[in-house]
Amino acid sequence: MRLRVEMVVEVEDTGKLTGAALGRIAEDEQMPAEERAHAEAAVRDDDAEALAYLVDPFDLVSQVPGVELAQASWSSETIDYDPDAPDWEHDEDAADGDEDDEEDRLI
Numbered sequence: 001m002r003l004r005v006e007m008v009v010e011v012e013d014t015g016k017l018t019g020a021a022l023g024r025i026a027e028d029e030q031m032p033a034e035e036r037a038h039a040e041a042a043v044r045d046d047d048a049e050a051l052a053y054l055v056d057p058f059d060l061v062s063q064v065p066g067v068e069l070a071q072a073s074w075s076s077e078t079i080d081y082d083p084d085a086p087d088w089e090h091d092e093d094a095a096d097g098d099e100d101d102e103e104d105r106l107i
């Protein structure tokens, strides 16, 4: 089963976000030094990268009974958010003509 989640978050304190991501990287004892240096540079340069290091899809489903995370991928990007723009309709799949899935509804 595939679960799609799209979130828009507002970063109120980039310093705290970057610091938390750098802390998470520092705690990862199994990360090779070269990868660590690359990750730290990416987190310092881009808030979206910092957020991606802190978000863990496992946390979204770990407390759901009868469900085990089999695979996950995620990305983060900086966007200009306008909640009134037509691009931010709640039911994007229905607008594309894909009304087959009853699970694709705003709850």
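Position 16 of the sequence shown, counted from 1, bears residue number 16 in full-length UniProt numbering, the numbering being contiguous throughout.
Positions of the beta carbon are idealized from the N, C-alpha and C atoms, including for glycine.
{"query": "Inter-stretch contact at 8 angstroms, needing at least 3 Cβ pairs: the stretch 7 to 18 / the stretch 40 to 60", "result": "yes"}
{"query": "Coarse secondary structure for R2, derived from DSSP in three states", "result": "coil"}
{"query": "Close beta carbons around L69, own chain, < 8 angstroms, minus the five adjacent residues each side", "result": "P57, F58, V61, S62"}
{"query": "Contained alpha helix (DSSP H) runs [length at least 4] in the stretch 46 to 82, N- to C-terminal order", "result": "47 to 54, 57 to 61"}
{"query": "Cα-Cα separation, D46 to M1", "result": "32 angstroms"}
{"query": "Cα-Cα separation between G19 and R36, rounded to whole angstroms", "result": "15 angstroms"}
{"query": "Inter-residue spacing [alpha-carbon to alpha-carbon] between I79 and A85", "result": "13 angstroms"}
{"query": "Own chain residues within Cβ distance below 7 angstroms of S75, not counting five before or after", "result": "A52"}
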